[in-house]
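A short worksheet on the structure shown next.
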Amino acid sequence: MNWLRDRARIIELAAAGWLTLMLAAVHFIVLTKAGALWRDEISSLHLANMPTLRGFWSSLVYDPCPAFYFLLLRGWSALGLAGSDFNLRILGVVIGLGVIAALWWSCWRINRAAPLWPLALFALNPITFQFGDSLRAYGVALIWIILCFTAIWEMTFRAVRLRTILFAIVAAVLTVQSLITSSLVLFAICAASLAISARRRRWERFAVVLGAGAIAAASLLVYLPTFRRTHEWSLICVDTTNYLTILLSYANALAIGNNAALYFWAGLIAIGLVLAIVAQIPARHWRFAQDRQDEFLFGAIALIIATAAMLAFFRNVGWFTSPWYFLPLMAVSILCLHAITTAIVKIEWRVLAAIAAAGLSLLLVPATTHYAVMSRTNADVVAATVAQRATKDDLIVVSPYFYAVSFHRYYNGVAPWTALPAVDDYSLHRWDLLKRAMQTPDAINQTLDRVRATLDSGHIVFLVGAFPPGASAKPAALPPAPNAIAGWSFQAYVRNWGQQTSYLVHQHASRATFYLMKENAPINPLEHLGIIAVHGRAPAIAAAN
Numbered sequence: 032m033n034w035l036r037d038r039a040r041i042i043e044l045a046a047a048g049w050l051t052l053m054l055a056a057v058h059f060i061v062l063t064k065a066g067a068l069w070r071d072e073i074s075s076l077h078l079a080n081m082p083t084l085r086g087f088w089s090s091l092v093y094d095p096c097p098a099f100y101f102l103l104l105r106g107w108s109a110l111g112l113a114g115s116d117f118n119l120r121i122l123g124v125v126i127g128l129g130v131i132a133a134l135w136w137s138c139w140r141i142n143r144a145a146p147l148w149p150l151a152l153f154a155l156n157p158i159t160f161q162f163g164d165s166l167r168a169y170g171v172a173l174i175w176i177i178l179c180f181t182a183i184w185e186m187t188f189r190a191v192r193l194r195t196i197l198f199a200i201v202a203a204v205l206t207v208q209s210l211i212t213s214s215l216v217l218f219a220i221c222a223a224s225l226a227i228s229a230r231r232r233r234w235e236r237f238a239v240v241l242g243a244g245a246i247a248a249a250s251l252l253v254y255l256p257t258f259r260r261t262h263e264w265s266l267i268c269v270d271t272t273n274y275l276t277i278l279l280s281y282a283n284a285l286a287i288g289n290n291a292a293l294y295f296w297a298g299l300i301a302i303g304l305v306l307a308i309v310a311q312i313p314a315r316h317w318r319f320a321q322d323r324q325d326e327f328l329f330g331a332i333a334l335i336i337a338t339a340a341m342l343a344f345f346r347n348v349g350w351f352t353s354p355w356y357f358l359p360l361m362a363v364s365i366l367c368l369h370a371i372t373t374a375i376v377k378i379e380w381r382v383l384a385a386i387a388a389a390g391l392s393l394l395l396v397p398a399t400t401h402y403a404v405m406s407r408t409n410a411d412v413v414a415a416t417v418a419q420r421a422t423k424d425d426l427i428v429v430s431p432y433f434y435a436v437s438f439h440r441y442y443n444g445v446a447p448w449t450a451l452p453a454v455d456d457y458s459l460h461r462w463d464l465l466k467r468a469m470q471t472p473d474a475i476n477q478t479l480d481r482v483r484a485t486l487d488s489g490h491i492v493f494l495v496g497a498f499p500p501g502a503s504a505k506p507a508a509l510p511p512a513p514n515a516i517a518g519w520s521f522q523a524y525v526r527n528w529g530q531q532t533s534y535l536v537h538q539h540a541s542r543a544t545f546y547l548m549k550e551n552a553p554i555n556p557l558e559h560l561g562i563i564a565v566h567g568r569a570p571a572i573a574a575a576n
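Sequence positions in the sequence shown follow my numbering and run 32 to 576.
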């Protein structure tokens, strides 16, 4: 069997090498094709580069995320490396490649095995490279989650050295300082380690891991005032949700681009949990060493607790769960599955896993390519198009409200513009100002008056973003929030404001021109803006009516 063992290692490394080269190409494509920044990235950039650190700290309430990534982005800008969107994309790709390097380092430290499933199922997932490479905290958070998992694993199963303890503390602190939901997976990792240490009666390791987790948790106390202030506006983001919808969103994150990935995830999770149970049952047909039993158990405990904690968190906050919110859970889950599956010493299984992982990567090529070449927004093209055509007497209206963050960055024309609703700051996501508008009676009346006046004077109103079709009857304005009709739902108000605007232009326009934007690549559906130029009636005709 020695010849098969040697060839199994070669096959494993060859499959992992193929996956790594494929991922390097994907990240290079992302660098060249992602294009302009979309609204969430712009919000991060503006927040990170507030004129003063005091202003930066007070603005964290608008993007409730710990400070580490924003400080990293601020440092990148201070070095003069943020002069263009492409330069900012370089930072994102460096972080994305860092995730791959962290996976290699982690998996090799855990079981001296190549990261087959972490690369094939996690790193190749479009959510990972799209949002890991973006100007958001997800990529940095993933790096620290991976490193923290490995450090705590080594403190549980390897000889404890001072440098390992110090590294674990630093990794734990930076894990929670990168992303709030990272604290949930850190809790799961620590819980698994504490359970194994207690089972083995290794109380010194128990104390060290407990201390590292406590230090990381204590580092979040400084954000308590920020979290309290965040709660003042976050109620407008609460959506009707339950555990089923959260699970479906998680399944969607695992299967982005190809359902085959979801089946592999489900199969590996089932195999991992079954192995963890079987390994604990004494039997003549299988005998696992104590270390192997505990490795299985560690992976299963961390996987179960991380999943339960994440589901409970999203159910409690009630926010709509976007697929990328699950990246921390996906990272710790794939590391748990790697630890469990590579603990199997049978050579045939290792070879089969290598072939399956490489085969899965081939199945994912079409979806991976589609998402890799996807532009993050077309706001830059739309803004330039409108700037070329709109005069100083025209008016631009942007809706939904959050598209205004991107339009504000890229528009450089002479025509005045506003959003629905008009607020005082479009540089970043100001949910507090949106909430205030929802509480204001007839919040968009002044904007509607400007639209009416522009059209009645024979000029053009450019509707940028996404507007509902004009209704046959005038939509009633929603009463101030909260109310029995819409409660605190900002989606209901955004939709109603768009309906009111569409009805008004339909009543006062002579004709409309729909601009078909030339698109050489797919556009991120989360920020795909359109343009409708609504031409007003000649003044004489408007007066006659």
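For each residue, glycine too, the CB sits at the ideal point set by N, CA and C.
Where Thr338 sits in the DSSP three-state scheme: helix
Coil, strand or helix - Ala574 by DSSP: Confidence is the limiting factor: at Ala574 the pLDDT is only 43, short of 50, which leaves the residue's position unreliable, though a coordinate-based value still follows. Here Ala574 sits in helix by DSSP.
Simplified DSSP state of Leu451, which is helix, strand or coil: coil
Cα-Cα separation, Gly529 to Pro499: 6 Å
Coarse secondary structure for Tyr457, derived from DSSP in three states: coil
For Leu134 and Ile174, the rounded distance between their alpha carbons: 8 Å
Residue(s) in a DSSP beta bridge with Val429: Ala450 and Val495
Residue burial classification, Ser353 (beta-carbon count within 10 angstroms, cutoff 16): exposed
Cutoff 8 Å; reference Ala575; Cβ partners in own chain excluding five residues on either side: Confidence in Ala575 is poor, its pLDDT being 42 and thus under 50, which makes the residue's placement too unreliable to answer from.
Opposing strand residues paired with Trp350 [DSSP bridges]: Val269
Other residues of its chain near Arg381: CB distance less than 7 Å, five sequence neighbours each side excluded: Ala39 and Glu43
Alpha-carbon to alpha-carbon, Ser488 and Ala573: Its pLDDT being 44, under 50, Ala573 is placed unreliably in this model, and the value from its coordinates should be taken loosely. Roughly 8 Å between the two C-alpha positions.
Range covered by the beta strand (DSSP E) that runs through Ala247: Per DSSP, Ala247 belongs to no beta strand (DSSP E); it is in the alpha helix (DSSP H), Trp234 to Ala249.
Meets three-Cβ-pair contact criterion under 8 Å: the segment 456–465 and the segment 384–400: no
Reduced DSSP category for Ile287 - H, G, I as helix; E, B as strand; rest coil: coil
Spatial distance of Arg323 from Cys367 (CA atoms): Between Arg323 and Cys367, the alpha-carbon positions lie close to 13 Å from each other.
Val565 in three-state terms, based on DSSP: strand
Sequence-distant residues of the same chain with beta carbon closer than 8 Å to Val240, five excluded per side: Excluding positions up to five away in sequence, the list reads Ile183, Met186, Thr187, Ala199, Cys221, Ser224, Leu225 and Ser228.
Member of Leu509, Gly501, Val525 and Ala515 whose CA lies at the smallest distance from the CA of Ala540: Closest option to Ala540, Cα to Cα, is Gly501.
Cβ pair Leu178, Ser214 closer than 8 Å: no
Of the listed residues Lys549, Ala515 and Ala564, nearest to Asp411 (C-alpha basis): With distances taken between Cα atoms, Asp411 lies closest to Lys549.
Nearest to Leu119 (by Cα), restricted to the options Phe101, Ile41, Ile131 and Arg194: Phe101
Distance, Trp296 Cα to Met361 Cα: 10 Å
CB-CB length for Phe162 against Trp355, believed under 8 Å: Contact check for Phe162 and Trp355: beta-carbon distance about 4 Å, within the 8 Å limit, so the pair qualifies.
Trp148 and Leu383 closer than 8 Å at C-beta: No.
Helix, strand or coil at Thr399 [DSSP, three-state]: helix
Buried/exposed call for Pro157, threshold 16 Cβ in 10 Å: buried
Ala243 versus Phe153 - alpha carbon distance: 27 Å
Residue range of the unbroken beta strand (DSSP E) whose run includes Arg542: Ala540 to Tyr546
For Gly66 and Ser406, believed in contact at Cβ under 8 Å, the rounded distance: 4 Å
Leu479 beta carbon less than 8 Å from that of Thr532: yes
Paired residues, beta bridge with Ile554 - DSSP: Ser406
Own chain, CB closer than 7 Å to Ser209, minus 5 neighbours either side, in chain order: Pro97, Phe99, Tyr100, Ala168, Val171, Ala172 and Trp175
Rounded Cβ spacing between Thr372 and Ile302 (contact assumed at less than 8 Å): 7 Å
Whole-angstrom distance between His58 and Ser108, CA atom to CA atom: 22 Å
As assigned by DSSP and simplified to three states, the class of Gly111: Coil at Gly111, not helix or strand.
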